[in-house]
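Here is the structure we will look at, set down as structure tokens.
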Amino acid sequence: MAEISFDLNFDLTTLDDMETEENAARFANLAEEDLDDIGEGRNEKSTKKSTKWGVKLLKEWCQAKAYSTDFEQLDVPELASLLRRFYGEVRKQDGSPYAIKSYRGLRAAIHRHLTGAPYNRQGNILRDREFQSANNVFLGMLKKFKREGLDVSSPKPAISEGDLKAMFDSKVLSMDNPSSLLNLVWFYLEYHFCLRGREGLRSLKKSSFGFGLDDENNEYVFLKFNEATKNHPGDLQDDFQSQNRMYATNDEKCPVQAIKKYLSKLNPKCEYLFQRPKSSVLESDEVWYTNTPIGVNTLGNMMVKISEKAKLSQKYTNHSIRATTITALSNAGIETRVIMAMSGHRNENSIKSYCQDASISQKRFCSHILHETLTGKGSAHGKSQSNSLGLSLRNVRVHEGCLSSTESSNDINVTSAVRAETSNMSKLFSKCTFQNSVTVYVQNQ
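Next up, the structure:
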């Protein structure tokens, strides 16, 4: 019988070549310049501008002192020595020292420049031991500025209660026309979601927000995407996903109804959330806004413009809204960890910095106490003061983290400073009398 044979020798080299070609087509080919651009994309435009300012200042100082302006090429000991002298000698054009905030930003700008493209240096001028002598001078200058009263930086003020009321009373924030509706929606989003950064606002789209119902069928608006903020600029280890909710209030100032109306009136040809309002429209018009997104600078000055139009007591900035949110929650007794979760802060001291100053009503209340003490009406003169108001409330729901409570007691004690004007409170508690601070006991029944 004839023998049958099969040749099973495939050309494996050809298969390997085919697989290599497929992998080559699968992965992108990026030049060094492309990678540098991606790396630079981690910083917002404002940060890049600050970096450019700091580098320019250092180069100007080097030129004035007859040093090489190519400080990026210096080895570590030479760079440390250069920075040590620079930190001590840098001044503004008029010879005066920089504000502490600017001085801090200067060192950070140089660090970003050295560690970013195209230099990508591995050292850390902020923490490395080799730069300790330079940083000692830097910290010494900070203390010197404080001793000389140059620490003029302060948190942006929260919007006062009177000005908040004036904004709505003036109709600068309303649903009546395109401009006022834009202002209202913008303010609500800033206020409820603690948004920050001009670039972040400019990038918001119609699809950035969603609507939901909670377990009690209450409607709310939520932020869909992960916003890159100053506090969380995209680092994976501390990625910040906002879980804030803006609930419907079902009244004339309802934020959910405001954003629904705003979305329904936007120009369908523009994907961005903030669009330029038309100058003249009818309520029945389907579109109130043009096919042009609002620019970064306009969004960055929104609160200043609102302050002017509503004739507020002062010109507030966008950051004042964030301060208002944090201050309001803190004054209401909300725990710091809850506020941090809403604002995106990682440091409790950042929250405390917003609440260092007393509100206008608290200052008025304290002045009232001091005056009564001088006139013999205060407790300092031996008079018994009863400043408590006992209320027995049924069916009161207390959300976890919102109020401080004593575990050993069934009562929840809420103490808050109130306005001195008795007439205002009498509208709320017509059959109650009160003085100064009010202590409310909410009993679990």
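Quick note: the sequence shown uses full-length UniProt numbering, first residue 1, plus one each step. Just so it is clear, CB atoms sit at the ideal spot from N, CA and C, and this is done for glycine as well.
Option nearest residue i by Cα separation, candidates the options
i           : options               : result
residue 189 : 169, 210, 84 and 56   : 210
residue 216 : 223, 248 and 192      : 248
residue 77  : 219, 195 and 123      : 123
residue 253 : 100, 306 and 165      : 165
residue 173 : 246, 342, 363 and 307 : 307
residue 259 : 291, 326, 333 and 180 : 180
residue 111 : 51, 139 and 332       : 51
residue 250 : 279, 104, 208 and 220 : 220
residue 192 : 255, 103 and 113      : 255
residue 92  : 127, 58 and 326       : 58
residue 222 : 103, 89, 245 and 288  : 245
residue 63  : 283, 207 and 90       : 90
residue 103 : 88, 94 and 116        : 88
residue 66  : 86, 28 and 75         : 86
residue 95  : 68, 56, 61 and 74     : 61
residue 156 : 326, 74 and 369       : 326
Classification of residue i by the beta-carbon crowding that lies within 10 angstroms, buried from 16 upward
i           : result
residue 318 : buried
residue 54  : buried
residue 277 : buried
residue 47  : buried
residue 118 : exposed
residue 286 : exposed
residue 448 : Lying before the first or after the last residue shown, residue 448 is absent from the chain, which here runs from 1 to 445.
residue 381 : Since pLDDT at residue 381 reaches only 43, below the 50 mark, its modelled position is unreliable, and the value read off the structure follows with that caveat. Classification of residue 381: exposed, given that the 10 Å Cβ count is below 16.
residue 129 : exposed
residue 148 : exposed
residue 106 : buried
residue 114 : buried
residue 30  : exposed
CB contact flag (residue i, residue j, <9 Å)
i           : j           : result
residue 281 : residue 183 : no
residue 296 : residue 45  : yes
residue 163 : residue 313 : yes
residue 134 : residue 324 : no
residue 131 : residue 79  : yes
residue 342 : residue 243 : yes
residue 82  : residue 108 : no
residue 97  : residue 139 : no
6 Å Cβ shell around residue i - same chain, five flanking residues per side excluded
i           : result
residue 272 : 205 and 293
residue 233 : Confidence is the limiting factor: at residue 233 the pLDDT is only 42, short of 50, which leaves the residue's position unreliable, though a coordinate-based value still follows. Once the five neighbours on either side are set aside, residue 233 has no close Cβ partner at all.
residue 84  : 133, 134 and 137
residue 265 : 288
Neighbourhood of residue i by C-beta distance below 8 Å, restricted to the same chain and skipping five residues each side
i           : result
residue 274 : 182, 186, 201, 202, 204, 293, 294 and 299
residue 291 : 267, 269, 270 and 275
residue 218 : 247 and 248
residue 121 : 72, 114 and 115
residue 142 : 100, 103 and 104
residue 208 : 223, 224, 225 and 273
Cutoff 7 Å; reference residue i; Cβ partners in own chain excluding five residues on either side
i           : result
residue 303 : 316, 317, 318, 320 and 321
residue 212 : 220 and 222
residue 175 : 181, 184, 258 and 261
residue 263 : 206
residue 283 : none
residue 74  : 82
Residue i at chain E interface by Cβ criterion, 9 Å
i           : result
residue 111 : Protein chains in the displayed structure number just one, and chain E is not present.
Cβ distance (whole Å) where residue i is taken to contact residue j below 8 Å
i           : j           : result
residue 310 : residue 170 : 4 Å
residue 361 : residue 161 : 6 Å
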